[in-house]
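For the sequence shown, this note's numbering gives the first residue as 1056, with consecutive numbering after it.
By construction, the Cβ of each residue, glycine as well, lies at the ideal position given by its N, Cα and C atoms.
Predicted model, so just to flag it, every value in this text is computed and none were measured.
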Amino acid sequence: MALYLKALSAGDCEAARTMEAGGIAARDDGLCGRIAVSDVGWDRSPAQPNDRERVFSTQLTATGWDGGLPDGKHTVFFTVQQQDDGSWKVTGGSGP
1056 MALYLKALSA GDCEAARTME AGGIAARDDG LCGRIAVSDV GWDRSPAQPN DRERVFSTQL
1116 TATGWDGGLP DGKHTVFFTV QQQDDGSWKV TGGSGP
């Protein structure tokens, strides 16, 4: 999660995409490149719905939010799932 958030904060969408899979990777309208992140916080103790899934609560301070959200700090949840090859990738997210 730390590397993904670092890439998102830096606007490094190429790096962020290498850490994505599933639905979030198939979307062209992901957060990276759409919002400008100025600060990131996250809970390092994720929820664990099962052995292959983690849900992280993050706090992103950014500009460029859509859907009428004001610029500023918002909580975003990211789902990270273990892939068949053993790697862990961001597969989804939900916002405020």
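Among the options, the one whose alpha carbon lies nearest that of residue i
i: R1109; options: Q1136, V1092, G1122, G1123; result: Q1136
i: G1088; options: D1094, S1112, G1148, E1069; result: E1069
i: A1117; options: N1105, V1131, I1079; result: V1131
i: D1121; options: L1086, A1076, A1102, K1061; result: L1086
i: A1091; options: A1102, D1126, D1098; result: D1126
Residue span of the alpha helix (DSSP H) that contains residue i, given as start and end
i: E1069; result: 1068 to 1073
i: A1057; result: 1057 to 1065
DSSP-derived helix/strand/coil call for residue i
i: L1115; result: strand
i: G1147; result: strand
i: G1088; result: coil
i: G1077; result: helix
Residue i versus residue j: straight-line alpha-carbon distance, rounded
i: Y1059; j: K1144; result: 9 Å
i: A1102; j: V1095; result: 19 Å
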